[in-house]
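A short write-up of the structure that comes next.
Chains as they are written, first to last, in the numbering used here: chain D, 598 to 957; chain W, 598 to 957.
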């Protein structure tokens, strides 16, 4: 990402400080901090004011901060907040925004105890997350590469599936493949679950072995150049019966209906409703126990959420998942998920992988 | 882990409620919640009172909660806090502890707004973390298996190292091997860094290829049955020169001095001082930019910390790392790390891997 993209982002924030009645914004949440500075270390604070940006981190990251941070970095020998508060005082900041959803009660109280009485800490919710929802061309390019890497790894891994293979060995294979293809790591813990365990929406792979007659859910994503992808596909070992075929058809229709409802300006809840309505037609809506999708980018789950009660509207440039699923205890679960890019007139499905049930 | 081990843990907590002047304790931090209930899902709250324990989670985890939770599970259709507050009111709890270091300002304020005026939320810091520092025999058995898996994966991966291999391909290989050996996943992002990049204490593997004459740092851990391991070893491609040999010797002596200082009753800071003193003798103490070690268990970093300013004393049954390192910009970094178990008279080094510099 070009340095001036980070500068532009910081300028967007500093230009918005007055509107939020702030003299400065303290950014402590890792993905927001990376978005605004480029720094990826685990311990850092970023202070933005109209005229200055400064990143505080510790001596473990001296070299890394020099390489990654696109704004001035300060290495603190003790707690970062000591130097942060010194800067707040030196620059006479009176109203400093902070991220209440991402700062612990403890960290907040320790900061509050140090800052001068004249300075107010002002909770700012979701501002940077909102900026992050609409991806720039360079971010979209990274998400595309992440999605493609992920789909290639899926094909390489699935080619090895056969009865007797362990869930955890397929997960290991998929993650190994994505890394060999250039991903930094999986964007979340790969889900591989066979048979009845596929009914766990967040199943962790176990030592259970695949058997003939089993549904297998594979939910996987790559992290590439810092950006996430997310895809779910279903495999079947042997010849699928009527219930599997009918349920698969229902979920696929629901997923296509969800995708069809995506466009700039659409309500997130309307996309969810479109998918849910199809499942209701099959009497399966009660088995759809989560929301239809979520944004992704630097994080695997970021705004917007596409659930029943979500009030947001989609914007062109958002990268989101569409992933209805049904979960039937004692039978199994079926979920189909793509990563899509919202456009003015609809969406572009980024995930290139076929949505046919993979019969093995 | 036997169900009654979880019950015993909860009894230890409920027996301590009176001492903390509490009617109940709200546990929201994942590892603490797992430690006390067995549940591993991502969205849950655990409420403990003298007479009852109840786990709140959402419908995605209905089946998993039934399988994993060793106490009563309640599936909430909306926000978990609504049902939590209903229980607090029904049971007339007046003083409920919460974890201020692990709860966001936002989550706290939303909870505070819902609970009745008669109920006080009382910050409780590090209580469960403190209980977790001393491992039970079944936890030690798991840590042993995690350490052994990790060391086996290291040997399998290192056997493939040669000039031209990419850092990220070695990391992928190591993680693949540990999973094939039965680990759930790495306990943290595997660090593989060659040449000057080894001077980054928290280096992420890149596409850089190993070259002759390079130091390579490998810092890796497995997660097995929920428990972590952590080990750092150094490789050298070709024939190491005087500076590498001398620096390696200094770090190894420092690591052995640290290990030698470990015993039940020793101050954490004294272990750190023992390692640091050796490096001072070599004029390398300023290049040792982090603390000497940390506890590990369900988390890769948990109390105690073994740094300059840490006041805690070691206890028999603690699992800790001893990992001094020196980082010289433009030259590289050398760190040697074992996982050890604190005993009454000293410690048992769990890590079976040789600490010789691996010359390849």
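Cβ coordinates follow ideal geometry from the N, Cα and C atoms, glycine included. Every value quoted in this text rests on a predicted model; they were computed, and no experiment measured them.
Residues that residue i contacts on chain D, provided the C-beta gap is smaller than 7 Å
i: residue 824 of chain W; result: Near residue 824 of chain W there are no residues of chain D at all, since even the closest Cβ is about 15 Å away, more than 7 Å.
i: residue 769 of chain W; result: 773, 776, 777
i: residue 887 of chain W; result: 657
i: residue 782 of chain W; result: 786
i: residue 926 of chain W; result: 660
Closest Cα partner of residue i within the set the options
i: residue 853 of chain D; options: D/687, D/604, D/650, D/943; result: D/943
i: residue 681 of chain W; options: W/653, W/950, W/791; result: W/653
i: residue 916 of chain D; options: D/893, D/924, D/619, D/935; result: D/893
i: residue 666 of chain W; options: W/633, W/648, W/901; result: W/633
i: residue 735 of chain D; options: D/821, D/815, D/774; result: D/821
i: residue 849 of chain W; options: W/921, W/768, W/858; result: W/921
i: residue 804 of chain D; options: W/790, W/932, W/779; result: W/779
i: residue 661 of chain W; options: W/641, W/763, W/748; result: W/641
i: residue 861 of chain D; options: D/873, D/697, D/911, D/877; result: D/911
i: residue 657 of chain W; options: W/649, W/644, W/671, W/648; result: W/671
i: residue 833 of chain W; options: W/765, W/795, W/718, W/941; result: W/795
i: residue 603 of chain W; options: W/627, W/885, W/636; result: W/636
i: residue 737 of chain D; options: D/824, D/950, D/722; result: D/824
i: residue 811 of chain D; options: D/798, D/791, D/800; result: D/791
i: residue 649 of chain W; options: W/610, W/674, W/742, W/625; result: W/610
i: residue 699 of chain W; options: W/720, W/713, W/847, W/710; result: W/720
i: residue 674 of chain D; options: W/883, W/607, W/871, W/897; result: W/883
i: residue 664 of chain D; options: W/801, W/829, W/945, W/807; result: W/801
i: residue 740 of chain D; options: D/946, D/761, D/957; result: D/946
Proximity of residue i and residue j at Cβ, strictly below 9 Å
i: residue 888 of chain D; j: residue 908 of chain D; result: no
i: residue 758 of chain W; j: residue 856 of chain W; result: no
i: residue 686 of chain D; j: residue 750 of chain D; result: no
i: residue 677 of chain D; j: residue 695 of chain D; result: no
i: residue 646 of chain D; j: residue 621 of chain D; result: yes
i: residue 954 of chain W; j: residue 841 of chain W; result: yes
i: residue 623 of chain W; j: residue 679 of chain W; result: no
i: residue 744 of chain D; j: residue 913 of chain D; result: no
i: residue 844 of chain W; j: residue 890 of chain W; result: no
i: residue 768 of chain W; j: residue 755 of chain W; result: no
i: residue 885 of chain W; j: residue 858 of chain W; result: no
i: residue 868 of chain D; j: residue 903 of chain D; result: yes
i: residue 628 of chain D; j: residue 896 of chain D; result: yes
i: residue 949 of chain D; j: residue 748 of chain D; result: yes
i: residue 865 of chain W; j: residue 819 of chain W; result: no
i: residue 765 of chain W; j: residue 776 of chain D; result: yes
i: residue 797 of chain D; j: residue 879 of chain D; result: no
i: residue 835 of chain D; j: residue 809 of chain D; result: yes
i: residue 697 of chain W; j: residue 702 of chain D; result: yes
9 Å Cβ cutoff, residue i in contact with chain D
i: residue 840 of chain W; result: no
i: residue 890 of chain W; result: no
i: residue 799 of chain W; result: yes
i: residue 949 of chain W; result: no
i: residue 854 of chain W; result: no
i: residue 628 of chain W; result: no
i: residue 615 of chain W; result: no
i: residue 802 of chain W; result: yes
Within chain D, the residues that residue i reaches when beta carbons sit closer than 8 Å
i: residue 705 of chain W; result: 702
i: residue 796 of chain W; result: 660
Cutoff 9 Å: residue i Cβ touching any chain W Cβ
i: residue 632 of chain D; result: no
i: residue 720 of chain D; result: yes
i: residue 870 of chain D; result: no
Where residue i meets chain W, residues with beta-carbon distance less than 8 Å
i: residue 864 of chain D; result: Neighbours of residue 864 of chain D on chain W: none; closest Cβ ~20 Å, over 8 Å.
Under 7 Å by beta carbon: chain W residues contacting residue i
i: residue 698 of chain D; result: 701, 703
Contacts that residue i makes with chain A (C-beta to C-beta distance below 7 Å)
i: residue 766 of chain W; result: Of the chains in the structure shown, none is chain A; the protein chains are D and W.
Relative to chain W, which residues along the stretch 638–657 of chain D have a C-beta separation below 9 Å, given in chain order? Listed by position along the chain: 638, 639, 655, 656, 657.
Short-range partners of chain D found in the stretch 911–926 of chain W, where Cβ spacing is below 7 Å: Of all residues in the stretch 911–926 of chain W, the ones placed with a Cβ closer than 7 Å to any Cβ belonging to chain D are 926, in chain order.
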